[in-house]
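Novice: Protein chains in written order, with UniProt numbering: chain A, 1 to 300; chain B, 1 to 311.
Here a beta-carbon is modelled for each residue, glycine too, at the ideal position from N, C-alpha and C.
Let me give you the structure first, and then I'll get to my questions.
Quick look at the structure:
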């Protein structure tokens with residue numbers, strides 16, 4: 001899986017260790033080399049199998065799924081699992097809701113986290129470490145610990161069932177500040193000092209010096225944040241309860257698709273595929289930045 | 001934004017004075033940079049957290065006004081069998097997933113840090129389950145571990161073994177949830193360990209090899225100690241994750257059979273907002289406060305142990 005169409009920063013391109021330098025004993029591969037390779041293939045196959053099962057279920061007829069015996073391949077292909085849910089449920093609306101919430105929340109989170117991360121990494125002020133610790137500790141607040149007061153807050157603001165009821169609380173995240181701070185710490189102070197001497201203000205320095213250097217960080221933040229929001233379940237379930245037109249995809253999947261006693265796995269897997277698709281595309285586009293971003297931010 | 005920058009004079013003033021003036025100016029700039037994020041966090045996380053402690057002392061149902069009942073909700077929890085069962089399930093789940101997932105993640109990270117073709121592809125494959133929503137993963141898990149038509153039991157049947165009843169046996173239901181969780185989490189453990197491994201200076205290994213250290217010795221003397229901060233980070237993140245696991249379990253088993261897979265957060269949700277909408281909000285808030293307290297205590301203990309080990 002390689003990102004081909006994205007222009008890579010020099011750092012990302014330089015990241016993989018050239019294999020030749022590590023190859024043991026000339027050009028022949030030892031027994032261990034083969035064992036390792038086989039092991040990697042086996043592990044990957046195990047990890048990929050559930051995806052395959054998702055695909056084959058989504059394209060199988062209901063009869064084929066529940067036929068006795070072990071079937072590794074679909075006997076007859078069908079698109080019925082994809083078309084039927086769209087006819088019966090407002091799946092298109094759910095998709096739009098999910099997309100709208102994920103894009104707006106990600107935009108807000110990434111921007112505010114970048115700003116705060118910069119302040120924590122590059123500006124000195126009293127109480128900096130204490131404040132940073134308080135922010136980090138908010139990562140440990142489970143949704144379920146504060147869902148009741150949040151629910152009240154949202155209800156009193158008249159936002160119950162509204163997309164902003166999900167966007168605002170979800171955008172209040174601290175994880176990105178941590179990543180951003182770690183990344184910005186690695187940017188040399190001299191560079192910022194030079195911009196300062198040239199008469200650039202803090203804002204100008206941030207926008208035209210720091211941000212262009214931070215592509216792996218921004219890609220990582222976008223990916224992580226979009227992933228969290230797109231897949232979020234607990235909180236949207238609470239604020240969109242009983243409000244089918246406001247559902248996001250995961251809520252619709254659980255609430256409407258999963259009957260208590262008759263689960264239609266073909267349709268469930270088809271909708272799951274629709275839901276996974278944007279994430280996989282984003283992941284494939286950003287994955288090189290991503291490992292880079294995590295490695296450079298020094299989570300280790 | 002008032003991010004006014006004074007031009008710096010060619011000759012720097014004496015250090016302390018400069019420090020003070022600069023730190024005042026930097027403090028104001030920092031305030032502007034942090035304001036949007038702080039505002040969101042205070043309004044949507046810290047204020048609700050404070051309110052949660054207050055609501056936990058109320059009898060508060062969806063209809064009617066809250067009534068102060070002091071510590072009754074917390075006292076009620078101590079004699080609530082489902083609460084204790086969900087707490088025990090959460091501990092079992094944590095013990096079963098966190099160390100195993102980290103060991104597997106470390107093993108795979110070491111494997112994929114060695115020389116082999118298509119390394120980047122393998123890494124992506126291991127990481128991929130993380131991008132799927134917990135809800136889809138839960139449904140997929142329920143389907144693969146379906147006791148009548150699921151893949152796992154079909155395979156077992158093909159070998160003449162009759163598979164376990166994943167849905168109706170409490171122990172097997174938990175096993176299925178643990179296996180599915182490992183599938184999702186191992187990629188996260190791997191990628192963090194991989195980043196840690198790449199930060200280790202290869203010269204350390206070369207020196208050890210010259211001294212005649214074998215593979216196991218190199219692992220225990222270099223790799224494991226050098227990965228200490230990765231391990232710490234992962235223990236904290238994984239504990240937080242497993243104490244807060246919700247969507248996978250909710251979609252996979254709905255907490256059943258008979259609460260056998262009800263986790264503490266699933267219970268908080270059920271009490272507060274079950275299938276019928278808002279319920280006993282005060283009691284739910286009390287469960288929430290307990291979840292927060294447990295998470296906080298664990299993190300602080302780990303933090304202190306880690307700081308002590310660092311000195």
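#1: So residue 75 of chain A and residue 265 of chain A are supposed to be a Cβ contact under 8 Å. How far apart are they, rounded?
#2: Taking residue 146 of chain A as part of the alpha helix (DSSP H), name the residues at either end of that continuous run.
#3: Closer than 9 Å, CB to CB, is residue 106 of chain A near chain B or not?
#4: Could you spell out the range, first to last residue, of the alpha helix (DSSP H) harbouring residue 188 of chain B?
#5: Within its chain, find whatever has a CB closer than 6 Å to the CB of residue 85 of chain B; leave out the 5 residues flanking it on each side and keep chain order.
#6: What are the complete alpha helix (DSSP H) segments, minimum 4 residues, inside the region 215-290 of chain A?
#7: Which same chain residues, not among the five before or five after residue 304 of chain B, have their C-beta less than 6 Å away from its C-beta?
#8: I want to verify the contact list: residues of chain B whose CB lies under 8 Å from the CB of residue 182 of chain A, in sequence order.
#9: Note down the Cα distance separating residue 195 of chain B from residue 290 of chain A, rounded to an integer number of angstroms.
#10: Ignore the nearest five residues each way along the sequence and tell me which others in residue 200 of chain B's own chain have a CB closer than 6 Å to its CB.
#11: Confirm, please, whether the CB-CB distance from residue 222 of chain B to residue 109 of chain B is below 9 Å.
#12: In terms of residues, what are the limits of the alpha helix (DSSP H) holding residue 122 of chain B?
#13: Which residues in the same chain have their Cβ closer than 6 Å to the Cβ of residue 134 of chain B, if we skip the five residues on either side of it in sequence?
#14: Taking residue 154 of chain B as the query, report the chain A residues whose CB atoms sit under 9 Å from its CB, ordered along the chain.
#15: Figure out for me which residue from A:193, A:175, A:168, A:217 has the closest Cα to the Cα of residue 236 of chain A.
#16: Indicate the three-state DSSP secondary structure (helix, strand or coil) for residue 26 of chain A in the structure shown.
#17: At the level of alpha carbons, what is the spacing between residue 46 of chain A and residue 164 of chain A?
#18: Report yes or no: do three or more beta-carbon pairs, one from the region 237-244 of chain B and one from the region 93-111 of chain B, lie closer than 8 Å?
#19: List, in order along the chain, the chain A residues whose C-beta lies closer than 7 Å to that of residue 122 of chain B?
#20: Tell me which same chain residues have a C-beta within less than 7 Å of the C-beta of residue 261 of chain B, skipping the five on either side of it?
#21: Just the chain A side, please: which residues come within less than 7 Å of residue 265 of chain B by C-beta, in chain order?
#22: State yes or no: is the beta carbon of residue 244 of chain B nearer than 9 Å to at least one beta carbon in chain A?
#23: Among the candidates B:238, B:295, B:156, B:237, whose CA atom is the shortest distance from the CA of residue 68 of chain A?
#24: Any beta-carbon of chain B closer than 9 Å to the one on residue 265 of chain A?
#25: What three-state label does DSSP hand residue 63 of chain B in the structure shown?
#26: Show which residues of chain A have a CB atom less than 7 Å away from the CB atom of residue 125 of chain B.
#27: To which residues of the same chain is residue 192 of chain A closer than 8 Å at the C-beta, ignoring the five residues directly before and after it?
#28: Can you list, in chain order, the residues of its chain whose CB lies under 6 Å from that of residue 139 of chain B, leaving out five sequence neighbours each side?
#29: Okay, do the region 29-44 of chain B and the region 110-126 of chain A touch, 3+ Cβ pairs below 8 Å being the bar?
#30: Given that a residue counts as buried once 16 or more other Cβ atoms are within 10 Å of its Cβ, and exposed if not, what is residue 34 of chain B?
#31: Should residue 143 of chain B be labelled buried (16 or more other beta-carbon atoms within 10 Å of its own) or exposed?
#32: Does residue 73 of chain B pass the burial test, meaning 16 or more other C-beta atoms within 10 Å, or should it be called exposed?
#33: Using a threshold of 9 Å, state whether the C-beta atoms of residue 97 of chain A and residue 255 of chain A are closer than that.
#34: With distances taken from CA atoms, which of A:39, A:30, A:95 is nearest residue 253 of chain A?
#35: So that I know if they touch, is there some Cβ in chain B lying closer than 9 Å to that of residue 206 of chain A?
#36: Under the DSSP definition of a beta bridge, which residues are partnered with residue 277 of chain B?
Specialist: With the given structure in hand:
#1: That pair is no contact at about 16 Å.
#2: 143-156
#3: no
#4: 170-198
#5: 259
#6: 215-231, 234-239, 249-252
#7: none
#8: The premise fails here: residue 182 of chain A is roughly 11 Å from chain B at the closest Cβ pair, so nothing lies under 8 Å.
#9: 11 Å
#10: 226
#11: no
#12: 119-127
#13: 247, 248
#14: 68, 69, 70, 71
#15: A:168
#16: Legend: pLDDT at residue 26 of chain A = 48, less than 50; position of this residue unreliable, no value from coordinates given.
#17: 40 Å
#18: yes
#19: 40, 44
#20: 89, 173, 174, 177, 249, 253, 255
#21: 142, 144
#22: yes
#23: B:156
#24: yes
#25: coil
#26: 44, 47, 48
#27: 122, 205, 209, 210
#28: 251
#29: yes
#30: buried
#31: buried
#32: buried
#33: no
#34: A:95
#35: yes
#36: B:274
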